[in-house]
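In my numbering, the protein residues as written are 16 to 153. All C-beta atoms, glycine included, are put in the ideal place defined by N, C-alpha and C. Because the structure is a prediction, the values reported are computed rather than measured. Beneath this line is the structure, given in structure tokens, with notes to follow.
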């Protein structure tokens with residue numbers, strides 16, 4: 016299954032345990048294929064560089080950039096599609112949709128209500144991490 020993980024899932028998966036971490040582990044195990052774009056990697060580095068992430072990074076003795084490089088090695092980087100604005104309340108969310116479309120993903124996983132409220136964008140279903148694991152029967 017081809018999947019794009021929204022930045023909120025990736026940050027949570029890199030810094031904490033729980034379902035977002037399982038999304039990353041499932042990709043490491045080859046059960047799903049993860050996809051990302053340069054714009055999403057930049058957003059990830061920005062999110063990981065925020066002050067609230069600093070204690071977790073320090074505890075793990077890792078930098079935001081190192082985590083981004085590790086994620087970029089796990090996920091396949093694609094050139095995002097050009098799309099018309101979709102999420103008017105949060106235009107940054109359009110980058111995730113553009114990546115999912117370009118990568119021909121079946122699923123976009125997120126905890127962002129703006130994306131989850133869409134339920135689907137073209138052929139891409141938008142699921143929580145929990146819904147993704149139900150779909151995968153894991």
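Return the bridge partner residues of residue i from the DSSP annotation.
i, result
"residue 50", "19 and 91"
"residue 136", "139"
In terms of alpha-carbon separation, which member of the options lies closest to residue i?
i, options, result
"residue 54", "33, 139, 81 and 115", "115"
"residue 119", "143, 134 and 93", "93"
"residue 59", "99, 76 and 110", "110"
"residue 141", "122, 88 and 17", "122"
"residue 65", "80, 84 and 125", "80"
"residue 35", "143, 150, 75 and 77", "143"
"residue 145", "153, 57 and 138", "153"
"residue 85", "99, 25, 101 and 67", "25"
"residue 137", "147, 117 and 38", "117"
"residue 57", "124, 99 and 82", "82"
Within 10 Å of its beta-carbon, does residue i have 16 or more other beta-carbons around it, so buried, or fewer, so exposed?
i, result
"residue 46", "exposed"
"residue 41", "buried"
"residue 51", "buried"
"residue 127", "buried"
"residue 97", "exposed"
"residue 21", "buried"
"residue 33", "exposed"
"residue 108", "buried"
Could you check where the beta strand (DSSP E) with residue i kicks off and where it finishes?
i, result
"residue 122", "122–124"
How far does the alpha helix (DSSP H) with residue i in it extend, from its first residue to its last?
i, result
"residue 109", "109–117"
"residue 38", "34–43"
#### Entry: Any alpha helix (DSSP H) of 4 or more consecutive residues that is wholly inside the stretch 50–86
53–63 and 69–75
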